[in-house]
Structures are given as structure tokens and as C-alpha cells.
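> For reference, the structure I am asking about is given below.
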Amino acid sequence: MSNDFGFDRVELAELRRRGGQKWRRYGPDVLAAWVADMDFAPLPAVREAIVTMVDRGDLGYPDWPTGSPLREALSERMAARYGWQVEPGAVRELCDIIQGVQLALELGTAVGDAVALHTPTYPPFLSSLRAMRRRIVGIPMEQRAGAWRFDVERAASELERAGCRALLLVHPHNPTGKVFARDELEALAEIAERLDLLVISDEVHAELTYPGAHHVPFASLGEAQAARTVTLTSATKAFNLAGIRCALAHIGPPALRERRDAAPFALYGTPSVLGVAATLAAWRGGDAWLAAVIAHLAANRDHLAARLSAETALELVPPQATYLAWVDARPLQLGAEPADLALERGRVALSPGVDFGPQGRGFFRLNFATSRKILDAVIDAVVRSLA
Ligand SMILES: Cc1ncc(COP(=O)(O)O)c(C=O)c1O
């Protein structure tokens with residue numbers, strides 16, 4: 003079977019015909035390098051699974067008396083990829099990851115509780131915490147020796163001082179693309195143990211980890227960690243299926259699971275049959291596609307880093323996972339938000355750094371999951387408008 007999935011044959015006209023927000027939001031003359039969708043068509047197995055169901059007229063109520071087949075599928079996948087033994091009975095379906103974050107916060111914390119997370123951070127975490135009236139305790143990411151790190155000692159004392167009840171771990175981290183190393187995870191586990199924290203680990207980008215880094219699920223560190231952790235994942239980032247609205251939570255703490263199951267059965271919704279079919283198809287038939295997309299993205303990442311370094315004073319720590327580049331424009335001293343200037347002068351939509359919290363001022367996030375040709379057009383526009 004060919005491993006050419008057409009990642010470099012994406013056409014602008016075709017992207018602009020799609021209904022999604024990425025290419026619609028800013029109008030027909032703007033290049034889109036913002037929201038975290040890839041520009042690639044889904045893998046053939048997903049298309050076939052969806053088309054087959056539609057052709058069969060198979061869109062009635064699903065027969066899942068003991069949960070969807072994804073519980074078992076997640077268990078198999080975690081064992082195969084990470085050696086993490088997941089009890090299918092501890093898995094629950096969700097419509098999306100952010101719903102899972104809010105659910106875990108709802109079940110495991112209360113109004114006024116402090117919740118820690120690494121900053122800068124993906125904006126919906128900040129808005130969720132604010133809407134749920136949880137106090138936000140930032141663990142600042144720092145750029146040191148060409149890598150993103152955080153100060154463990156300082157985090158330990160800040161979390162204790164703030165009386166944190168939970169840690170929202172975004173692993174791999176959005177926007178920096180950092181993959182937390184085992185020793186960093188173990189240090190966080192020690193803090194979680196000492197302060198008795200609920201850990202909510204969003205691992206949705208894990209399968210897009212590049213060679214050279216290695217993803218370790220937080221809950222796989224040991225039984226004690228699993229018992230305090232809600233792990234959230236889906237096929238939607240790695241396989242580019244954000245619109246299917248289907249995700250999973252492994253709810254380690256039995257008390258949280260009981261609380262969740264005691265709620266009226268429809269309160270948290272169920273994913274659609276098409277979302278479940280697409281996820282199963284991606285997980286069971288997507289290995290070659292996933293390997294090919296990682297190779298394509300890694301080459302794009304390196305190309306982006308090389309061009310920025312050769313042509314501009316913009317700084318980038320190349321991400322260890324996923325297709326989002328967190329670019330530091332502060333050396334240019336632009337005096338305005340770089341994403342605003344890029345949109346105005348370059349007609350390219352980037353994600354503004356300030357949306358990721360105050361630490362993001364002077365940064366922007368650039369999505370490089372596209373063809374090389376479109377990526378080059380995006381970089382040309384950034385260079386033209388900022389450098
Ligand atoms: C770290 C992270 N979590 C969650 C999400 C959103 O996932 P969902 O659409 O399933 O809520 C994203 C989207 O980019 C993300 O980057």
C-alpha cells in the first residue's frame with residue numbers, strides 16, 4: 003500500500019470550500035495558520051467507516067449496554083503504545099476533551115478551589131477555569147538552553163502556598179509542544195502525592211510525538227498516580243477529526259467515577275455513532291497514515307525553524323510534539339501584537355500569544371500542518387509583515 007497520502011497536494015481552493023472555522027473565519031484572502039486542525043483529508047479507513055454506515059442506513063440508536071467499543075479499544079491502544087494497562091471499566095465516553103476537563107473539575111473540585119497548570123496555556127483551559135470560578139495558579143514555562151522547562155521547587159512551593167486542589171496537566175503541552183520527560187512527571191507526581199491533588203491529564207496530542215521524545219502517560223507512572231488521575235484523549239488531533247466530537251476519559255479515582263455514574267444518564271451526553279466508528283477506524287487501521295503524517299510534520303517543523311532562523315530574528319524552540327509552533331517575536335520589538343500585524347499586513351491568521359495568558363505577550367502560535375507549498379506561503383507572509 004502506498005504511503006503517499008497526498009499531504010503535499012492540499013489545494014487552497016479546496017480548503018476554502020470546506021465549512022470549518024480554520025479557513026472560513028478570516029475571509030477568502032487570508033492564509034489560515036491558527037486553530038489546531040490539520041489541512042489534510044482524513045485517512046481512507048475513516049472515510050470508508052463513515053460512508054459504510056451511511057450507505058447501510060446504520061444511524062439508529064447504538065447497542066452499547068455496557069459502554070461503547072471504545073473502552074476496550076482505548077485499553078488495547080494504551081497497552082500497545084505505552085505499556086499502560088487500562089481497565090476498560092474505568093473508561094467513559096465524552097463528546098470532546100474540554101468537556102472532559104470541565105467534568106473532572108466539576109466532579110473533583112469546588113468553586114473557589116485553586117487549580118494549577120503550566121502557562122502559557124491553550125485558551126479554553128483559562129476560560130473554563132474562570133467560568134467555573136476556580137482560582138488559576140500558573141506554573142511558568144521557561145525557555146532554557148533551547149528547551150522548555152519549569153522550576154519544580156518553585157512549583158511545589160507555589161502550589162502548596164495557594165492550597166491547590168488539582169493539577170491540569172497538558173501533556174504534550176499546548177502551545178510550546180513540550181513533551182514532559184519521565185523525571186519531570188515523577189517530580190509532579192511527588193507534588194501531587196504530597197498535596198493530595200487530583201490530576202487531570204490532557205494527552206490529546208500524545209500520538210503526534212516526534213522521534214527523539216517519548217510520551218509517558220501520567221497515570222502509567224504507577225497505581226498511586228492512576229488512582230488520582232483523570233486521563234483525557236481522543237483520535238481527533240492525531241488523525242485530524244476534530245469535528246467528529248468523540249473523546250474518552252480514563253477516570254482513575256473510583257469516587258469520581260461513582261459521582262459521574264450517579265448523574266442522570268444523559269447529562270454528559272454520548273458521542274455519535276459516526277464519531278465512535280471514525281475513532282475505531284483510525285485506531286485500528288491508521289498506523290501507516292500516522293507514521294506518514296508525523297514524518298511530514300517533522301519535516302515541516304524543521305523547515306519552518308530553518309527559515310525563521312535564516313530570515314528573521316524570531317525565535318522558536320522546535321516542538322517535541324504536535325504541529326503548533328510557539329514563536330517568540332519579542333526580539334523584533336514590534337510594539338503591538340505580532341498576530342495583529344501579520345493579519346493586517348501579511349493577510350495570514352496566526353493565534354495571538356496574549357490569548358494564552360499574559361506570558362504569551364509578544365508571541366504567536368503558528369500551525370504548520372499543511373502542504374509545504376502553503377507553509378512556505380505562510381512563512382513568506384510572516385517574514386513580509388514582521389521581519
Ligand atoms: C491540549 C488541547 N486540549 C484540548 C483541545 C480541544 O479538544 P476538543 O475539541 O476535543 O475539546 C485542544 C485543541 O486544540 C488542545 O490543543
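389 is the number that my numbering gives the last residue of the sequence shown; the numbers go up by one with no jumps. Note that the Cβ used here is the ideal one computed from N, Cα and C, for glycine as well. None of these values were measured; they are calculated from a predicted model.
So the beta strand (DSSP E) Glu188 belongs to, where does it begin and stop?
Segment 184-197 is the alpha helix (DSSP H) holding Glu188; no beta strand (DSSP E) there.
> Using the beta-carbon count (16 or more within 10 Å), is Gln227 buried or exposed?
Gln227 comes out buried.
> From the DSSP output, which residues share a beta bridge with Gly140?
Leu119
> Spell out the partners DSSP gives Gln145 in its beta bridges.
Bridge partners of Gln145: Trp150.
> Would you tell me roughly how many angstroms separate the C-alpha atoms of Ala118 and Gln104, rounded to the nearest one?
14 Å
> Going by the DSSP bridge assignment, what does Trp291 pair with across the sheet?
Looking at the DSSP assignment, Trp291 forms no beta bridge with any residue, so it has no partner.
> Go through the region 332-381 residue by residue and report every complete run of the alpha helix (DSSP H) that reaches 4 residues or more, in order.
Whole alpha helix (DSSP H) segments, 4+ residues: 340-343.
> Answer yes or no: the CB of Ile100 versus the heavy atoms of ligand 1, is any distance below 7 Å?
yes
> Whole-angstrom Cβ separation of Leu243 and Val201, contact assumed at under 8 Å?
With a contact defined as Cβ atoms closer than 8 Å, Leu243 and Val201 miss out at about 26 Å.
> Tell me whether Pro44 is buried or exposed, calling it buried when 16 or more other Cβ atoms sit within 10 Å of its Cβ.
buried
> Alpha carbon to alpha carbon, how far is Gly271 from Leu96?
7 Å
> Along the chain, where does the beta strand (DSSP E) containing Arg167 start, and where does it finish?
166-172
> In whole angstroms, what is the alpha-carbon distance linking Trp25 and Asp39?
10 Å
> What span of residues does the beta strand (DSSP E) with Thr390 cover, start to end?
Only positions 3 to 389 of the chain appear in the structure, and residue 390 is not among them; the question remains open.
> Just the Cα atoms here: how many angstroms apart are Arg27 and Glu225?
Going from the Cα of Arg27 to the Cα of Glu225 covers about 45 Å.
> Would you identify the three-state DSSP class for Asp204, choosing helix, strand or coil?
strand
> Using the Cα positions of Thr111 and Arg163, report the straight-line distance between them to the nearest angstrom.
17 Å
> Any chance the CB of Val172 is under 7 Å from a heavy atom of ligand 1?
Result yes, Cβ under 7 Å from ligand 1.
> On a CA-only basis, which of Arg135, Ala389, Ile100 is nearest Gly348? Give me that one, please.
Considering only Arg135, Ala389, Ile100, the residue with the shortest C-alpha distance to Gly348 is Ala389.
> Please classify Pro340: is it buried, with 16 or more other beta-carbons within 10 angstroms of its beta-carbon, or exposed?
buried
> State buried or exposed for Leu282, treating a residue as buried only when at least 16 other CB atoms are found within 10 Å of its CB.
That one is buried.
> Is it true that the CB of Ile52 sits closer than 8 Å to the CB of Ala390?
Since the first residue shown for the chain is 3 and the last is 389, residue 390 is missing from the structure and cannot be characterised.
> Cutting at 8 Å between CB atoms, please list the residues of its own chain near Glu108, excluding the five before and the five after it.
Met134, listed in sequence order.
> Would you list the residues sitting across from Arg94 in a DSSP beta bridge?
Answer is Ala251.
> Excluding five sequence neighbours on each side, which residues of the same chain lie with their C-beta closer than 7 Å to the C-beta of Ile381?
So the list reads Leu306, Arg309, once near-sequence residues are dropped.
> Any idea which residues DSSP pairs Val329 with across the strands?
Residue pairing by DSSP puts Val329 in a beta bridge opposite Leu318, Phe366.
> In angstroms, rounded to a whole number, what distance separates the CA positions of Val181 and Trp150?
9 Å
> Can you check whether the CB of Ala194 is closer than 8 Å to the CB of Leu169?
yes
> Entirely within the region 32-115 and at least 4 residues each: give me those alpha helix (DSSP H) ranges in chain order.
Within the region 32-115, the complete alpha helix (DSSP H) segments of 4 residues or longer fall at 46-58, 72-84, 99-110, listed in chain order.
> Flag this pair as yes or no: are the beta carbons of Leu299 and Ala371 separated by less than 8 Å?
yes
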